[in-house]
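Colleague: Here it is, the structure in full.
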Amino acid sequence: MRKDVRILLVGEPKVGKTSLIMSLVSEEFPDDVPLRAEEITIPADVTPERVPTHIVDYSEAEQSDEQLYQEISKANVICIVYSVNNKKSIEKVTSHWIPLINDRTDKDSRVPLILVGNKSDLVEHSSMETILPIMNQYSDIETCVECSAKNLKNISELFYYAQKAVLHPTGPLYCPEEKEMKPSCIKSLTRIFKVSDLDNDGILNDKELNFFQRTCFNMPLAPQALEDVKNVVRKNMTDGVEDNGLTLKGFLFLHTLFIQRGRHETTWTVLRRFGYDDDLELHQEYLFPLLKIPADCTTELNHNAYLFLQSVFDKHDKDRDCALSPDEVKDLFKVFPYMPWGPDVNNTVCTNDQGWITYQGYLSQWTLTTYLDVQRCLEYLGYLGYSIICEQESQAAAITVTRNKRIDLQKKQTQRSVFRCNILGARGSGKTSFLQAFLGRNLLKQRKIREDHKSFYSINTTYVYGQEKYLLLHEVMPDFDFLSEEDLACDVVCLVYDVNNPRSFEYCAKVYKQYFMDSKTPCMMIASKSDLHEARQHYSLTPLDFCRKNKLHPPQPWTCNTVDAPNKDLYTKLTTMAMYPHAKLRCMCTCNRCTFCICQNILRSQLLTNIKAKFYSVVLNRLHDVGAYLLVDEECSLIQQVHTISNVEESIYMESSVQPYGPQARHMAQADLKSSTFWLRASVGATVFAVLGFAMYRAILKQR
């Protein structure tokens, strides 16, 4: 809506232009009328629409044609004043003033016109019979008002209609020749209907109608008022109401009726509430609300935004298969002016066996858009009506701006849930396969992907210590000399080389030494295609020696040439490194030579497993003997009852149940008691030894 309104009054001399302005201001007919009134500004709190209004007079005697042309170009609405008792002034409306105004304004942005018949107090008849043909001939004419400056008749109404013609113009909404709404208006109202149809059944039920009414007019409709609205639609349309709800046709009919009855401010109120400007385009302030993002901070969707997107998914997943078919995706994006997702999205996120985007993939794509281009995300949420459905001031309420990464490093903890990993490597090293494997696709499935549908991104969820996090993989083009800041800005770096290509590792080594050796970004070396023969790399150091020299984790073997989905442990490790770049993470090598590998092999050996099993069985048996010794003085009847209650206790007292209790059975042999004491001490000693050994093991790891 405009912030102010500028009204220009033109017409033949002596028709009463200045008198109209003076009568409006002083609320009485002036005795002395000047040749021209000075520009008058009416404050916003006085006008019905709460908008400042400027009223400008024109005098042929005091102003030149050039000044008139300037005023016409600045005016928002022009009132052509004629005298109802002067036929010549009426003829001048069509012969002079309308052609003059049209020549001085753009065809695509015509200024609305209002015909004003002044001096109605001097005649008994109306001039409408003469004016109506003129109104039908020129679509720019909004309305015609007959008034009297002397009697103050319709003076306030004149300027109200002028203001209304600017703030609520009929031209963008309705075509009077065809007596129907214009296509742009129908398109805008159709989007509003689909956004308001919360369950996507094509009908606005009472709950949805009340939500729509409260959203646009800040008050719900009474039940009887709702029925009255439906009855009006029923009387005029056969398919306007279905299942006691309003269809799209009925919704459009209601707004056509509002416009035809001169209540187009109702339609404009709805349009502006849903973000439309005077040209029926979603204005920039609605689509792109102000959002400040400090340097070195990222953007994520908050919990409320995910709940909203979940409701949108459920709304369009009609077959309830937790995936969006191509038709369901098209239906979801009908409220958009264009299709935002291309075929590459299906290779960026998880899909089902049919290639349809799953629920997890759907949320992942929104997470990706928010992270990479938050302005685009705000635009998309605007099309979906986030601020309206969630009753928020703007889409910016859906975004969380994370704190500076330096603060995360200082505090050694992060609250972020999205982490970026840049994948670098020579051509043919397997970067694209590494991205697709993250989505659960083996080599066989990857070969079915069309070249023009490939994506340089993939995003999926991983779990780090029970927390769900998003890992965003970005394949960087292998242009060693032109790595941009975006290529280097990430949370973790993955350097991929082909074990079967002897020249593949050299690229990774050079990239690391030039860009990442002195940075705090954690790096991981991936030995891809590990199912193939490992060739000797043409580099001064082997990949393992290079990693040891630069204090990196040893190269991680990886392949996607598997029958099932590729293993995702590497992606979890990458996410962990991104979350805790300050921490010395667990060694990930399998060299069988370092202290970690030796300790791991000992702990996993079959001998140690057997010893642990024997030790546990002996300890449990001796604990049972001690329990039997403590309970042997109980009455026989109590023991017999315990037999029937617990199978475990039955096994403990099996010997007692077979033989009758005698004096000799009531006492444990002294030798058995000594033996039990010995094994109890041995158990305590073994426990202490295990604790000390574990502490030493942790100390060794900490040093590494």
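If you're matching positions, the sequence shown starts at 525 in this note's numbering and goes up one per residue. Backbone N, C-alpha and C define an ideal beta-carbon position, used for all residues, glycine too. All values reported here derive from a predicted model rather than from experimental measurement.
Quick check: what's the CA-CA separation for Ala1013 versus His840?
Modeller: C-alpha separation (whole angstroms): 36 angstroms.
Colleague: Just mark Phe837 as buried or exposed, buried being the case when its beta carbon has 16 or more other beta carbons within 10 Å.
Modeller: Looking at its Cβ environment, which holds 16 or more other Cβ atoms inside 10 Å, Phe837 is buried.
Colleague: How close, in whole Å, do the beta carbons of Gln748 and Val529 come, if the pair is a contact with beta carbons under 8 angstroms?
Modeller: Between Val529 and Gln748 the Cβ distance is about 37 angstroms, and since that is not below 8 angstroms, they are no contact.
Colleague: Among Thr791, Ser957, Gly990, Ile604, which residue has its Cα nearest to the Cα of Ser619?
Modeller: Taking only the C-alpha atoms, the option nearest Ser619 is Ile604.
Colleague: Quick check: what's the CA-CA separation for Lys631 versus Cys846?
Modeller: In a straight line, the C-alpha of Lys631 is about 51 angstroms away from that of Cys846.
Colleague: Starting from Asn828, follow the beta strand (DSSP E) in both directions and report where the run begins and ends.
Modeller: No beta strand (DSSP E) contains Asn828, which is instead part of the alpha helix (DSSP H) from 827-840.
Colleague: Helix or strand or just coil, what does DSSP make of Ser1028?
Modeller: If DSSP states are grouped into helix, strand and coil, Ser1028 belongs with the helices.
Colleague: Taking the alpha carbon of Ser953 as the point to measure from, which residue in Pro1081, Glu562, Thr985, Phe857 has its own alpha carbon closest?
Modeller: When each option's Cα is compared against that of Ser953, the closest is Pro1081.
Colleague: Measure the C-alpha to C-alpha separation of Phe741 and Thr793 and round it to an integer number of angstroms.
Modeller: So the alpha carbons of these two residues sit roughly 8 angstroms apart.
Colleague: Alpha carbon to alpha carbon, how far is Tyr1031 from Gly949?
Modeller: About 7 angstroms.
Colleague: Count the CB pairs spanning the stretch 546-554 and the stretch 610-618 that are closer than 8 angstroms, and state whether there are at least three.
Modeller: Verdict: no, contact absent.
Colleague: In terms of residues, what are the limits of the alpha helix (DSSP H) holding Pro747?
Modeller: Here the alpha helix (DSSP H) through Pro747 covers 747-760.
Colleague: Buried or exposed, going by whether 16 or more other CB atoms sit within 10 Å of the CB of Ile625?
Modeller: Under this definition Ile625 is a buried residue.
Colleague: Could you check the C-alpha separation between Ser918 and Leu533 for me, to the nearest Å?
Modeller: So the two alpha carbons sit approximately 39 angstroms from each other.
Colleague: Put Val988 into one of helix, strand or coil per three-state DSSP.
Modeller: Residue state, collapsed to three classes: strand.
Colleague: Under the DSSP definition of a beta bridge, which residues are partnered with Ala1051?
Modeller: Ala1051 pairs with Tyr1021, Pro1081.
Colleague: Distance, Cα to Cα, Arg1072 vs Ser941?
Modeller: Answer to the nearest angstrom: the Cα atoms are 31 angstroms apart.
Colleague: If you reduce the DSSP assignment to three classes, tell me which class Met863 lands in.
Modeller: In this structure, Met863 counts as coil in the three-state DSSP scheme.
Colleague: Evaluate Tyr862 with the Cβ neighbour count: other Cβ atoms within 10 Å of its Cβ, from every protein chain shown; 16 or more gives buried, anything less gives exposed.
Modeller: Flag for Tyr862 reads exposed.
Colleague: Just mark Leu968 as buried or exposed, buried being the case when its beta carbon has 16 or more other beta carbons within 10 Å.
Modeller: It is exposed - the Cβ of Leu968 has fewer than 16 other Cβ atoms within 10 Å.
Colleague: List the DSSP bridge partners of His998.
Modeller: Asn946, Tyr981, per the DSSP bridge assignment.
Colleague: Taking the alpha-carbon positions, what's the Tyr883 to Gln916 distance?
Modeller: Going by the C-alpha atoms only, they are around 25 angstroms apart.
Colleague: Following the continuous alpha helix (DSSP H) through Glu903, name the residue where it begins and the one where it ends.
Modeller: 898-908 is the span of the alpha helix (DSSP H), which, as asked, contains Glu903.
Colleague: Is Ala673 buried or exposed, if buried means 16 or more other CB atoms sit within 10 Å of its CB?
Modeller: Buried.
Colleague: Might you give, ordered along the chain, the residues of its own chain that have their beta carbon closer than 7 angstroms to the beta carbon of Asp767, omitting 5 neighbours on each side?
Modeller: Ile727.
Colleague: Would you say Asp575 and Leu691 are within 8 angstroms of each other, going by their C-beta atoms?
Modeller: The sequence given here has Val at residue 575, not Asp. Yes; because the gap between Cβ atoms is below 8 angstroms, this pair is in contact.
Colleague: Could you check whether the stretch 780-789 touches the stretch 698-706, counting it as contact only if at least three pairs of C-beta atoms, one from each stretch, sit closer than 8 angstroms?
Modeller: In short, these stretches touch, since the Cβ pair count reaches three.
Colleague: With H, G and I counted as helix, E and B as strand and the rest as coil, what does DSSP make of Thr1209?
Modeller: Correcting the residue type first, residue 1209 is Gly in the shown sequence and not Thr. In the structure shown, Gly1209 sits in a helix (DSSP, three-state: H, G or I).
Colleague: Can you grab the Cα-Cα spacing for the pair Pro669 / Leu639, in whole Å?
Modeller: Residue identity differs from the one stated: residue 669 is Val in this sequence, not Pro. Those two C-alpha atoms are separated by around 6 angstroms.
Colleague: Could you give the residue range of the alpha helix (DSSP H) that holds Cys914?
Modeller: From DSSP, Cys914 is part of no alpha helix (DSSP H); its letter is neither H nor E.
Colleague: May I ask you to verify whether the stretch 797-812 touches the stretch 880-896, counting CB pairs closer than 8 angstroms and requiring at least 3?
Modeller: The answer is no - the stretch 880-896 does not touch the stretch 797-812, with fewer than three Cβ pairs under 8 angstroms.
Colleague: Pick out whichever of Lys858, Val608, Tyr904, Tyr662 has its Cα sitting closest to the Cα of Val647.
Modeller: Comparing Cα positions, the closest option is Val608.
Colleague: Helix, strand or coil: how does DSSP classify His807 here?
Modeller: Three-state DSSP puts His807 in coil, outside helix and strand.
Colleague: Count the other C-beta atoms from every protein chain shown that fall within 10 angstroms of the C-beta of His649, then say buried if there are 16 or more, exposed otherwise.
Modeller: With fewer than 16 other Cβ atoms within 10 Å, it is exposed.
Colleague: For the beta strand (DSSP E) holding His578, just list the boundary residues, first then last.
Modeller: Unbroken beta strand (DSSP E) run through His578: 577-581.
Colleague: Please state the DSSP three-state secondary structure of Tyr685.
Modeller: If DSSP states are grouped into helix, strand and coil, Tyr685 belongs with the helices.
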